[in-house]
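Residue numbers (the numbering used here): 1 to 122.
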């Protein structure tokens, strides 16, 4: 397995799936001209905004589309803006940041030592 972060944005028009990988994050960095850590820190310090969210949404939805082997045209920035228009900035931002965080915090140790879940005694 590899670094992978997934999320879902629940919209009236249907669920929108997100997938972030190192490759997807590289694509976002190329579009934005800055690093992903700077982008995430920018959301905390109010230095990141719509431009950064649109780029992350575009690459996340496109990666999910490709992973699902769904045909059709690639996801555009305009498509990402439509998502934000439908659900709102905060509703789009939260699953994006959570999924991106899963990728950048990934460690092989996570797979080597999975957390053992408690079994239901019933």
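Note that the Cβ used here is the ideal one computed from N, Cα and C, for glycine as well.
Supposed contact pair residue j and residue i - C-beta distance, whole angstroms, cut 8 Å
i: residue 68; j: residue 28; result: Actually they are not in contact, since the Cβ atoms of residue 68 and residue 28 sit about 19 Å apart, beyond 8 Å.
i: residue 53; j: residue 84; result: 7 Å
Beta-carbon proximity check, residue i vs residue j, cutoff 8 Å
i: residue 19; j: residue 64; result: yes
i: residue 103; j: residue 9; result: no
i: residue 99; j: residue 7; result: yes
i: residue 60; j: residue 24; result: yes
Inter-residue spacing [alpha-carbon to alpha-carbon] between residue i and residue j
i: residue 108; j: residue 3; result: 9 Å
i: residue 57; j: residue 32; result: 12 Å
i: residue 116; j: residue 22; result: Any reading at residue 116 must be qualified, since the residue scores a pLDDT of 46, below 50, and its modelled position is unreliable; the value itself is stated next. The alpha-carbon atoms of residue 116 and residue 22 are separated by roughly 27 Å.
i: residue 92; j: residue 50; result: 11 Å
i: residue 75; j: residue 97; result: 19 Å
Buried versus exposed, by CB contacts within 10 Å (16 or more), residue i
i: residue 105; result: exposed
i: residue 44; result: exposed
i: residue 48; result: buried
i: residue 5; result: buried
Closest Cα partner of residue i within the set the options
i: residue 26; options: 16, 95, 39 and 47; result: 39
Residue-level contact to chain B via CB, residue i, 8 Å cutoff
i: residue 59; result: The displayed structure is made up of one protein chain only, and chain B is not part of it.
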